[in-house]
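**Q** The opening residue of the sequence shown carries number 672 in our numbering; numbering runs sequentially from there.
Backbone N, C-alpha and C define an ideal beta-carbon position, used for all residues, glycine too.
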Amino acid sequence: MKQLMMIGFGAMANEVRTHLPKDLALKWVVVPERSVASVQRQVAADVQVISDIQQCQGQPDYVIEVAGQAAVKEHAEKVLAKGWNLGLISVGTLADTVFFEKLQQVAEKSGAHIHLLAGAIAGIDGIAAAKEGGLEKVTYKGCKSPNSWRGSYAEQLVDLDRVTEATVFYRGTAREAAVNFPANANVAATIALAGIGLDETMVELTVDPNISQNKHTIIAEGRFGQMSIEMIGVPLESNPKTSTLAALSVIRACRNSVDAIQI
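Right, dumping it as structure tokens:
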């Protein structure tokens with residue numbers, strides 16, 4: 672039985688732990704100090720709840736992050752320094768070039784790997800493959816309901832209470848989008864890192880009061896041909912800002928950490 676460490680314990684974490692493969696046991700949960708006691712009451716007695724990686728008693732076979740950019744900044748380097756493989760869902764954190772390069776250096780030194788999870792979008796395998804043979808142009812378009820944009824930078828760009836039709840409120844690079852929309856633009860960062868980069872990948876964000884689901888579109892072209900992928904996702908019932916597919920991509924990464932055959 673392999674052992675898992677989970678960084679974070681919110682809506683996505685609960686979805687993931689409900690569907691963990693039978694050969695992978697949750698043994699550690701990393702949360703802020705103020706949450707340790709309450710989380711300990713929610714997990715099995717043999718799960719160690721900690722606030723710092725250095726408090727870990729034992730060695731996980733795999734570590735997944737489901738906590739957001741601040742948690743990545745706090746814990747990722749320590750995880751990699753120990754040589755532990757890390758599955759990252761908050762990929763937008765890597766828009767910080769200095770931080771990205773630091774993690775890369777630490778991972779190379781320790782022999783650990785950072786797995787950038789596909790999250791809420793399909794087609795990352797195709798983008799990554801196309802990059803190998805001449806990927807020239809990539810645009811990501813994200814469209815969500817007003818409620819899904821609340822609490823983000825979108826509130827400064829468009830009146831979410833008065834919008835009556837689909838409205839594009841942001842155009843920029845994937846790096847800019849990842850910085851300005853840390854809770855919403857992990858998809859853009861993932862597409863960019865799989866493809867032509869954060870500064871070359873373009874992002875267009877839209878609010879639409881007539882939809883209840885999140886729509887993601889990738890448009891790419893290059894020597895391989897042309898690609899247009901559209902994904903209409905359902906948010907988690909427990910958190911409308913979190914994609915169900917994003918949680919499922921974490922579960923898939925957990926399964927790949929134990930399965931002999933991976934796809």
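1. Could you give the DSSP three-state label for Ile678: helix, strand or coil?
2. Could you spell out where the alpha helix (DSSP H) holding Ile798 opens and where it closes?
3. Identify whether Met898 lies in helix, strand or coil by the three-state DSSP scheme.
4. Looking at Val720: is its Cβ nearer than 7 Å to the Cβ of Val734?
5. Please check the pair Val921 and Val687, which I expect to be a contact at CB under 8 Å, by giving their CB distance rounded to whole angstroms.
6. Counting pairs of beta carbons, one from the stretch 784–801 and one from the stretch 861–874, are three or more of them closer than 8 Å?
7. Taking Cβ to Cβ, would you say Ala837 is nearer than 7 Å to Ala848?
8. Comparing alpha-carbon positions, which option in Asp767, Asp870, Met677, Asp694 lies nearest Ile724?
9. At 4 residues or longer, and completely inside the stretch 809–883: list those alpha helix (DSSP H) runs for me, N to C.
10. Cα separation between Arg926 and Ser819?
11. What residue range is occupied by the uninterrupted alpha helix (DSSP H) comprising Ile922?
12. Given this structure, state the Cα-to-Cα distance separating Lys773 from Trp755, to the nearest angstrom.
13. Please report the straight-line C-alpha distance between Met728 and His746, rounded to a whole angstrom.
14. Among the residues of its own chain, which have a CB less than 7 Å from the CB of Gly843, if the five just before and after it don't count?
15. Taking the alpha-carbon positions, what's the Ile862 to Ile900 distance?
16. Thr877 and Val839 - do their beta-carbons sit closer together than 7 Å?
17. By how many angstroms is the C-alpha of Gln776 removed from the C-alpha of Ala708?
18. With DSSP as the reference, identify every bridge partner of Thr888, one or two as the case may be.
19. Quick check on Gly763: does DSSP put it in helix, strand or coil?
20. Give the secondary structure of Val701 by DSSP, where H, G and I count as helix, E and B as strand, and everything else as coil.
21. In chain order, what residues of the same chain have a beta carbon less than 6 Å from the beta carbon of Ser953, not counting five sequence neighbours either side?
22. Between the Cα of Tyr811 and the Cα atoms of Leu831, His786, Glu871, which residue gives the shortest distance?
23. Grab the span of the beta strand (DSSP E) containing His786 for me, first residue to last.
24. Where does the unbroken beta strand (DSSP E) through Val734 begin, and where does it stop?
25. Around the Cβ of Glu736, are there at least 16 other Cβ atoms within 10 angstroms (buried) or fewer (exposed)?
26. So the candidates are Gly805, Gln726, Lys749, Val762; which of them puts its Cα closest to the Cα of Ala778?
27. From the beta carbon of Val720, is the nearest beta carbon of chain C less than 7 Å away?
28. Determine the extent of the alpha helix (DSSP H) in which Gln775 is found, giving its start and end residues.
**A** Put simply:
1. Taking the sequence shown and counting its residues from 1, the one referred to as residue 678 is at position 7. Strand at Ile678.
2. The sequence position of residue 798 within the sequence shown is 127, counting from 1. First-last of the alpha helix (DSSP H) with Ile798: 795–802.
3. The residue you call residue 898 lines up with position 227 of the sequence shown. Of the three classes helix, strand and coil, the one that applies to Met898 here is strand, per DSSP.
4. The residue labelled residue 720 in the question sits at position 49 within the sequence shown. The residue labelled residue 734 in the question sits at position 63 within the sequence shown. For Val720 and Val734, no; Cβs fall outside 7 Å.
5. Mapped onto the sequence shown, residue 921 falls at position 250. Mapped onto the sequence shown, residue 687 falls at position 16. Sure, about 5 Å apart at Cβ, within 8 Å.
6. yes
7. Here residue 837 is taken as the residue at index 166 of the sequence shown, counted from 1. Here residue 848 is taken as the residue at index 177 of the sequence shown, counted from 1. No. Outside cutoff.
8. Counted from its first residue, the sequence shown places residue 724 at position 53. Nearest option by C-alpha distance: Met677.
9. 817–820, 845–851, 857–865
10. Counting from one through the sequence shown, the residue named residue 926 turns up at place 255. Counting from one through the sequence shown, the residue named residue 819 turns up at place 148. Near 29 Å, if we compare the C-alpha coordinates of Ser819 and Arg926.
11. As a working note, residue 922 is residue 251 in the sequence shown. Note, Ile922: alpha helix (DSSP H), 915–927.
12. Sequence index remark: in the sequence shown, residue 773 carries index 102 (1-based). Sequence index remark: in the sequence shown, residue 755 carries index 84 (1-based). Near 16 Å, if we compare the C-alpha coordinates of Trp755 and Lys773.
13. By 1-based counting over the sequence shown, the position of residue 728 is 57. By 1-based counting over the sequence shown, the position of residue 746 is 75. Going by the sequence as given, residue 728 is Gln instead of Met. Spanning the two alpha carbons is a distance of roughly 16 Å.
14. Within the sequence shown, residue 843 is the residue found at index 172, counting from 1. Excluding residues within five positions, the ones whose Cβ falls inside 7 Å are Val874.
15. On the sequence shown, residue 862 is found 191 positions in, with the first residue counted as 1. On the sequence shown, residue 900 is found 229 positions in, with the first residue counted as 1. So the alpha carbons of these two residues sit roughly 12 Å apart.
16. Residue mapping note: residue 839 aligns to position 168 of the sequence shown, counting from 1. Residue mapping note: residue 877 aligns to position 206 of the sequence shown, counting from 1. Against a cut-off of 7 Å, the Cβ pair of Thr877 and Val839 comes out as a contact.
17. On the sequence shown, residue 708 is found 37 positions in, with the first residue counted as 1. On the sequence shown, residue 776 is found 105 positions in, with the first residue counted as 1. Roughly 34 Å separates the two Cα atoms.
18. As a working note, residue 888 is residue 217 in the sequence shown. For Thr888, which the question treats as bridged, DSSP gives the partners Lys812, Glu901.
19. Within the sequence shown, residue 763 is the residue found at index 92, counting from 1. If DSSP states are grouped into helix, strand and coil, Gly763 belongs with the helices.
20. Residue mapping note: residue 701 aligns to position 30 of the sequence shown, counting from 1. Val701: strand per DSSP, three-state reduction.
21. Given a span of 672 to 934 for the chain in the structure shown, any question on residue 953 remains unanswerable.
22. Taking the first residue of the sequence shown as position 1, residue 811 is located at position 140. For the options Leu831, His786, Glu871, the alpha carbon positioned closest to that of Tyr811 is the one of Glu871.
23. As a first step, residue 786 must be located in the sequence shown, where it is residue number 115. Boundaries of the beta strand (DSSP E) around His786: 785–787.
24. Along the sequence shown, read from residue 1 onward, the residue named residue 734 stands at position 63. Run containing Val734: 733–736, per the beta strand (DSSP E) assignment.
25. Position 65 of the sequence shown holds residue 736. Burial call: buried.
26. Within the sequence shown, numbered from 1, the residue matching residue 778 stands at position 107. Among Gly805, Gln726, Lys749, Val762, the Cα nearest to that of Ala778 is on Lys749.
27. Protein chains in the displayed structure number just one, and chain C is not present.
28. Residue 775 sits at position 104 when you count from the first residue of the sequence shown. Segment 768–781, the alpha helix (DSSP H) holding Gln775.
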